[in-house]
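Residue numbering for the sequence shown follows the numbering used here, beginning at 278 and increasing consecutively.
Ideal Cβ positions, reconstructed from N, Cα and C, are used throughout, including at glycine.
No experiment lies behind these values; they were computed from the predicted model shown.
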Amino acid sequence: MAETIEKKEVKTERAKKVADPVAATIDAASQQMIRRAQELGVETIFDRAVTMKPCNIGIQGTCCKNCAMGPCRLPLPKSGIEGEDERKGLCGATANTIAARNFARMVAAGAAAHSDHGRVVAEVFLSVARKETQDYKIKDPNKLLAIAAHFGVDIKVEVDDEEVDRDLDEIALEVAEKALDEWGKAEGELYYLKRAPQPLYEKWKQYGVLPRNIDREIVEIMHRTHMGVDQDYKNILKQCTRAALADGWGGSMIATDLQDVMFGKPYPLQSEANLGVLKEDHVNIIIHGHEPVLSEMIVAAAQSKEMVEYAKLKGAKGIQLAGICCTGNEILQRHGVPPAGTFLQQELSIITGACDAMVVDVQCIFQNLANVAKCFHTKLITTHPIARMEQDNVVHIEFDEHHAMEDANRIVKMAIDNFENRGAEVMIPSQKAAQIAGFGVESVEYHLGGTFRGSYYTLNDNIINGRIRGVAGVVGCNNARTRHNEAHIVLVKELIKNDVIVLTTGCNGIACAMEGLLTPGAAGVYCGPGLTEVCETVGIPPVLHLGSCVDNSRILLAATEVVKAGGLGNDICDLPAAGAAPEWMSEKAISIGQYFVASGVYTLFGVNLPVTGAPVFQKHLFEELEKLYGGKWDLEADPINMARKMIAHIDKKRKELGIDKARERVLMDMADRQRLEA
Ligand code: SF4
Ligand code: MSK
Numbered sequence: 278m279a280e281t282i283e284k285k286e287v288k289t290e291r292a293k294k295v296a297d298p299v300a301a302t303i304d305a306a307s308q309q310m311i312r313r314a315q316e317l318g319v320e321t322i323f324d325r326a327v328t329m330k331p332c333n334i335g336i337q338g339t340c341c342k343n344c345a346m347g348p349c350r351l352p353l354p355k356s357g358i359e360g361e362d363e364r365k366g367l368c369g370a371t372a373n374t375i376a377a378r379n380f381a382r383m384v385a386a387g388a389a390a391h392s393d394h395g396r397v398v399a400e401v402f403l404s405v406a407r408k409e410t411q412d413y414k415i416k417d418p419n420k421l422l423a424i425a426a427h428f429g430v431d432i433k434v435e436v437d438d439e440e441v442d443r444d445l446d447e448i449a450l451e452v453a454e455k456a457l458d459e460w461g462k463a464e465g466e467l468y469y470l471k472r473a474p475q476p477l478y479e480k481w482k483q484y485g486v487l488p489r490n491i492d493r494e495i496v497e498i499m500h501r502t503h504m505g506v507d508q509d510y511k512n513i514l515k516q517c518t519r520a521a522l523a524d525g526w527g528g529s530m531i532a533t534d535l536q537d538v539m540f541g542k543p544y545p546l547q548s549e550a551n552l553g554v555l556k557e558d559h560v561n562i563i564i565h566g567h568e569p570v571l572s573e574m575i576v577a578a579a580q581s582k583e584m585v586e587y588a589k590l591k592g593a594k595g596i597q598l599a600g601i602c603c604t605g606n607e608i609l610q611r612h613g614v615p616p617a618g619t620f621l622q623q624e625l626s627i628i629t630g631a632c633d634a635m636v637v638d639v640q641c642i643f644q645n646l647a648n649v650a651k652c653f654h655t656k657l658i659t660t661h662p663i664a665r666m667e668q669d670n671v672v673h674i675e676f677d678e679h680h681a682m683e684d685a686n687r688i689v690k691m692a693i694d695n696f697e698n699r700g701a702e703v704m705i706p707s708q709k710a711a712q713i714a715g716f717g718v719e720s721v722e723y724h725l726g727g728t729f730r731g732s733y734y735t736l737n738d739n740i741i742n743g744r745i746r747g748v749a750g751v752v753g754c755n756n757a758r759t760r761h762n763e764a765h766i767v768l769v770k771e772l773i774k775n776d777v778i779v780l781t782t783g784c785n786g787i788a789c790a791m792e793g794l795l796t797p798g799a800a801g802v803y804c805g806p807g808l809t810e811v812c813e814t815v816g817i818p819p820v821l822h823l824g825s826c827v828d829n830s831r832i833l834l835a836a837t838e839v840v841k842a843g844g845l846g847n848d849i850c851d852l853p854a855a856g857a858a859p860e861w862m863s864e865k866a867i868s869i870g871q872y873f874v875a876s877g878v879y880t881l882f883g884v885n886l887p888v889t890g891a892p893v894f895q896k897h898l899f900e901e902l903e904k905l906y907g908g909k910w911d912l913e914a915d916p917i918n919m920a921r922k923m924i925a926h927i928d929k930k931r932k933e934l935g936i937d938k939a940r941e942r943v944l945m946d947m948a949d950r951q952r953l954e955a
């Protein structure tokens with residue numbers, strides 16, 4: 278009997294294999310919370326990553342389940358492929374077709390997620406233009422006028438032979454209708470494609486990848502990848518390009534623009550980041566997801582005198598809002614609301630025991646949040662009709678733009694009422710870092726721009742003279758298969774050390790903020806001499822936070838402005854620039870990667886890419902695309918190697934532009950030089 282019990286305990290012990298907090302994350306606050314969760318017996322994603330290994334065939338991209346004769350699994354043989362690749366699914370689909378179809382479906386899902394976000398924003402904007410809602414307004418009429426031109430909407434009218442300003446409400450209505458039509462118009466191509474540099478637009482035209490409308494390109498991927506349709510990996514990828522461009526230069530860009538019109542353009546502001554932003558004596562409300570239409574209202578509600586008074590009446594000193602993921606980034610950019618953490622910290626923020634309500638909308642929301650919330654007093658509130666949770670401890674308050682403020686007040690009140698239910702288990706890590714966030718195309722222009730030759734001239738000048746070696750867009754998620762934030766931080770530090778200025782979005786932005794890289798002071802500590810000089814002169818951080826996932830469109834437009842300002846070639850692919858998503862996990866990242874590549878950017882992903890089981894398709898992505906668009910994919914799990922590859926690409930572009938000599942004026946130490954030459 279005793280023996281049986283002993284064995285059972287061992288078994289239980291085995292079943293409870295948990296993560297090593299230090300191996301799981303570089304962030305001390307997160308390590309503390311993982312330990313805390315383990316003490317309390319609350320399971321997190323870090324523990325599940327230890328016990329559940331990824332599928333070895335899926336990771337190579339060569340498992341097909343597109344019909345009921347499968348799944349057909351075509352892993353690369355351990356010995357590699359010699360001679361002809363004879364692997365086939367039941368229907369004869371090759372590894373390349375299967376990997377291309379899987380890749381395409383990731384693009385479709387990613388583009389759909391971003392673009393559906395954009396659609397909601399466009400619908401809310403239409404309600405504003407029609408004056409069907411009082412809760413939203415046009416906060417930035419100048420931005421509306423700026424984007425109207427891109428939709429072909431006149432901003433002037435002729436009255437008595439004289440040109441006068443057109444009525445703003447009329448402009449708004451026409452922009453709203455044209456924007457919404459981008460999802461389903463019967464003819465033509467997306468308006469915003471012409472915002473790209475002319476040579477890039479011409480390439481898209483030449484290769485037949487101009488998106489017709491957003492929904493169509495996504496639907497067509499699903500059709501083409503259905504069993505027995507498109508069996509040519511290059512043709513499948515062509516459709517990926519169309520759908521991805523419809524995301525980057527369509528749905529995402531429209532989302533960003535209309536959000537700026539309704540909620541205001543971001544402008545640099547001060548904030549903080551990490552779990553330490555939560556306050557023990559405040560009502561803490563965490564907002565998580567991607568669509569800012571409700572969170573804008575929650576910010577307004579939480580700042581209202583009435584709600585603050587109510588919180589005080591309930592024994593709190595005030596209301597602390599905080600964000601997770603990209604809804605967090607949206608309210609950070611426009612209101613300075615601090616992020617409590619990145620994607621991998623969502624469970625941990627509840628484990629503080631101090632989260633009175635977590636409000637979620639769409640994307641990147643763990644289903645396990647409900648299980649974690651059950652162990653604490655936290656009210657988990659879903660708000661979106663397309664993103665509900667089945668668990669009975671989840672409250673659903675469906676958001677509607679027609680009574681947005683009412684919904685927001687209800688949510689904030691619910692959080693305040695829950696403050697008194699906090700248990701004894703509150704433990705808020707002390708770690709938080711100061712940050713300057715809120716950059717955008719316009720504010721970069723203001724800080725780094727000039728009017729002499731073009732709006733981004735000063736930036737270009739500093740690139741040409743070599744103080745800034747190049748520009749990197751570093752974006753994307755966390756991935757529980759790698760150490761939380763490590764690749765983000767190692768990569769970004771290596772880039773800025775080598776005078777590469779970094780534009781960031783998404784969870785990379787939050788990770789950099791947590792590390793203190795989003796402050797002007799970081800320049801003197803982490804950057805090479807050229808970038809330090811520029812940052813200190815202008816007073817900007819070496820890493821500029823441009824916002825959320827849809828705001829990657831800001832990076833496209835910033836790159837376009839750099840091209841326009843002159844001196845660095847005629848197209849995005851000419852720029853000394855590269856992109857990376859070192860800890861990606863989301864299908865949205867694949868769509869982003871594809872639109873960056875098709876816009877001419879050398880784009881590296883970390884962790885893995887589910888194409889490695891199909892070497893011919895992989896070669897198409899990693900080599901052949903460059904001949905078409907000037908950009909290409911690459912995979913590099915090691916962040917230092919990733920930085921070296923990006924810098925080598927930047928240097929190659931400098932040489933092609935004939936500005937490699939200028940760079941030599943900026944002195945690096947010998948060790949740096951030797952390492953880069955190696
Ligand atoms: Fe297998 Fe072909 Fe069906 Fe895919 S579509 S599961 S490869 S039979
Ligand atoms: S939130 S998509 S984990 S960046 Fe945009 Fe972060 Fe990636 Fe979600």
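Segment limits, alpha helix (DSSP H) that includes residue i
{"i": "M584", "result": "582-590"}
{"i": "T629", "result": "Premise fails: T629 is in no alpha helix (DSSP H) and is neither H nor E."}
{"i": "A842", "result": "829-842"}
{"i": "T781", "result": "Element bounds for T781: not the alpha helix (DSSP H) but the beta strand (DSSP E), 777-781."}
{"i": "A711", "result": "Run containing A711: none in the alpha helix (DSSP H); it sits in the beta strand (DSSP E), 710-714."}
{"i": "F540", "result": "529-540"}
Cβ neighbours of residue i in the same chain (closer than 6 angstroms, five flanking residues each side left out)
{"i": "E280", "result": "Interpretation of E280 is limited by its pLDDT of 40, a score under 50 that renders its predicted location unreliable; no figure is taken from the coordinates."}
{"i": "K293", "result": "none"}
{"i": "A579", "result": "I596, L598, V689"}
{"i": "G856", "result": "G750, F873, V878, T880"}
{"i": "I936", "result": "I741"}
Spatially closest choice to residue i from the options, by CA coordinates
{"i": "K661", "options": "D684, L646, N645, A650", "result": "In the sequence as displayed, the identity of residue 661 is His instead of Lys. The residue with the shortest Cα to Cα distance from H661 is D684."}
{"i": "P569", "options": "G395, I778, P331", "result": "G395"}
{"i": "T374", "options": "L535, Q895, D437", "result": "Q895"}
{"i": "H503", "options": "P706, I713, I334, N379", "result": "N379"}
{"i": "C804", "options": "L772, L821, G824, T782", "result": "L772"}
{"i": "A426", "options": "D534, L852, L317, C784", "result": "D534"}
{"i": "M584", "options": "I562, C603, I601", "result": "I562"}
{"i": "V636", "options": "H500, C812, M691", "result": "M691"}
{"i": "L421", "options": "V452, K408, D438", "result": "V452"}
{"i": "K408", "options": "A449, F428, H724, N419", "result": "A449"}
{"i": "K709", "options": "P615, A386, T604", "result": "P615"}
{"i": "R931", "options": "N512, N698, G743, S732", "result": "G743"}
{"i": "V397", "options": "Q536, I924, G357", "result": "Q536"}
{"i": "H612", "options": "K591, G592, K542, Q640", "result": "K542"}
{"i": "T619", "options": "I627, C602, A790, L403", "result": "C602"}
Residue i: first and last residue of the uninterrupted beta strand (DSSP E) it sits in
{"i": "Y879", "result": "879-882"}
{"i": "K247", "result": "One cannot answer for residue 247 here, as it falls past the ends of the chain, which runs 278 to 955."}
{"i": "R356", "result": "Position check: residue 356 holds Ser in this sequence, whereas Arg was assumed. Where S356 is concerned, there is no enclosing beta strand (DSSP E), given that its DSSP letter is neither H nor E."}
{"i": "K433", "result": "433-436"}
{"i": "E549", "result": "546-550"}
{"i": "V671", "result": "671-673"}
{"i": "H822", "result": "820-822"}
Beta-carbon proximity list for residue i, same chain, < 8 angstroms, skipping 5 on both sides
{"i": "C332", "result": "C340"}
{"i": "V486", "result": "K515, T518, R519, L522, A875"}
Residue-chain proximity (residue i, chain C), Cβ-Cβ < 8 angstroms
{"i": "M635", "result": "Looking at the structure shown, chain C is missing, and only one protein chain is on hand."}
Same chain, Cβ closer than 7 angstroms to residue i, five either side skipped, listed in chain order
{"i": "A372", "result": "T339, L351, D362, R364, G890, A891"}
{"i": "M499", "result": "A385"}
Cβ-Cβ separation, residue j to residue i (assumed contact under 8 angstroms), whole Å
{"i": "L621", "j": "H761", "result": "5 angstroms"}
{"i": "L845", "j": "N737", "result": "6 angstroms"}
{"i": "L830", "j": "S572", "result": "Per the sequence shown, the amino acid found at residue 830 is Ser instead of Leu. Contact flag wrong, Cβ pair sits at about 19 angstroms."}
{"i": "R519", "j": "E479", "result": "With a Cβ gap of about 16 angstroms, R519 and E479 do not count as contacting."}
{"i": "G630", "j": "M704", "result": "6 angstroms"}
Residues that residue i bridges to, as DSSP identifies them
{"i": "N606", "result": "Per DSSP, none; premise fails for N606."}
{"i": "D911", "result": "L881"}
{"i": "R744", "result": "Answer is none; R744 lacks a bridge partner."}
{"i": "G856", "result": "G750, T880"}
{"i": "E440", "result": "E435"}
{"i": "G600", "result": "I564, P616"}
{"i": "V637", "result": "H565, T659"}
{"i": "H761", "result": "T302"}
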